[in-house]
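Here the structure is laid out as C-alpha cells; the discussion comes afterwards.
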Amino acid sequence: MQAFIGLGSNLDQPVQRLTSALLAMDRLPGLTLQHHSRLYSSAPIGPQDQPDYVNAVAEVHSTLTPHALLHSLQALELAAGRQRLRHWGERTLDLDILLIDDQLIDTPDLQVPHPQMSRRAFVLHPLLEIAPHCHLPDGTALGSFLSQVAEQTLSPLAELDRDALIERKDPHRTD
6 MQAFIGLGSN
16 LDQPVQRLTS
26 ALLAMDRLPG
36 LTLQHHSRLY
46 SSAPIGPQDQ
56 PDYVNAVAEV
66 HSTLTPHALL
76 HSLQALELAA
86 GRQRLRHWGE
96 RTLDLDILLI
106 DDQLIDTPDL
116 QVPHPQMSRR
126 AFVLHPLLEI
136 APHCHLPDGT
146 ALGSFLSQVA
156 EQTLSPLAEL
166 DRDALIERKD
176 PHRTD
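Position one of the sequence shown corresponds to residue 6 (the numbering used here), numbered consecutively onward.
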C-alpha cells in the first residue's frame with residue numbers, strides 16, 4: 006500500500022530529528038521510503054510558548070496493515086523521546102499517517118485521512134510538493150484547500166537529498 010506520513014519536530018535539533026526519522030522509517034521491516042519533501046519551518050498551531058516546528062512529508066510503500074504501520078511509527082516517536090505532555094504541545098518527533106491509498110479508516114486510535122490535514126499548510130505544501138495530484142478518498146483534490154491555509158506562515162528550509170540519506174543508511178552501497 007502507498008501511504009503518506011507527516012513528520013514534525015520542534016525540540017532537540019528538529020532538522021536532525023526529521024533526517025533521522027526518514028532513515029529510521031526506511032529501515033522499518035515492511036516499509037520503504039519512496040519520496041520525501043524538503044523541510045519547512047512553521048509556527049506552532051497550538052500553544053504559542055514553544056519553538057517553531059520543522060515539518061516534512063514522506064511517501065512510503067508498506068506491506069504492513071494500517072494499524073501495524075501506526076504502531077511502528079509510534080515506536081519511532083518513543084525512541085526519539087516523544088512525550089505527550091499537552092495537546093498540540095512541543096515534541097521531539099511527531100509522525101502522522103495522512104493517507105493510505107484511498108482508504109477511509111475511523112477507529113479510536115487511527116483516522117485516515119488525517120482529520121486536520123486539509124487545514125494545515127505544513128502538511129499540504131510538502132505533500133503536494135511530492136504528490137501534486139494527490140486527492141482525498143472522495144476524489145477532492147488536496148490542492149483545492151491551499152487557499153484556506155494561505156495565511157499560515159510556512160518557510161522552506163532545505164531540500165533533503167534522497168541519495169545522501171541512502172548513503173547514510175549504507176555507506177558501502179555500490180549501486
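C-beta: ideal position from N, C-alpha, C; glycine also.
Predicted, not measured: the structure shown is a model, and the values here were computed from it.
Residues near residue i by beta carbon distance below 8 angstroms, same chain, minus five either side
i: Leu75; result: Ile102, Asp114 and Leu115
i: Asp57; result: Asn15, Ser46, Ser47, Ala48 and Pro49
i: Ile110; result: Pro71, Gln116 and Val117
i: Ser25; result: Ala85
Strand pairing of residue i, partner residues [DSSP]
i: Asp101; result: Gly11
i: Ala61; result: Leu12
i: Ile110; result: Val117
i: Pro161; result: Tyr45
i: Ala146; result: His140
Contact set for residue i: own chain, Cβ-Cβ below 6 angstroms, skip 5 residues either direction
i: Asp106; result: Met6 and Gln7
i: Leu78; result: Leu100
i: Leu104; result: Phe9 and Pro118
i: Glu64; result: Phe9, Gln39, His40 and Ile135
i: Gln18; result: none
Backbone secondary structure at residue i - three-state DSSP
i: Leu74; result: helix
i: His92; result: coil
i: His41; result: strand
i: Leu36; result: strand
i: His66; result: strand
i: Phe53; result: A small fix is needed here, since residue 53 is Gln in this sequence, not Phe. Correct three-state label for Gln53: coil.
Closer than 7 angstroms to chain B by CB, residue i
i: Val59; result: You won't find chain B in this structure, because it holds only one protein chain.
Pair within 7 angstroms by beta-carbon distance, residue i and residue j
i: Leu100; j: Ala61; result: no
i: Phe127; j: Leu98; result: no
i: Ser67; j: Leu27; result: no
i: Arg43; j: Pro137; result: no
Burial state of residue i (16 or more Cβ within 10 Å)
i: Arg125; result: buried
i: Pro52; result: exposed
i: His130; result: buried
i: Leu90; result: exposed
i: Pro34; result: exposed
i: Leu69; result: buried
i: Glu156; result: exposed
i: His177; result: Note that His177 scores a pLDDT of 46, beneath 50, so its modelled location is shaky and nothing firm can be said.
7 angstroms CB neighbourhood of residue i in its chain, flanking five on each side removed
i: Leu23; result: Leu12, Ser14, Leu44, Val59 and Ala61
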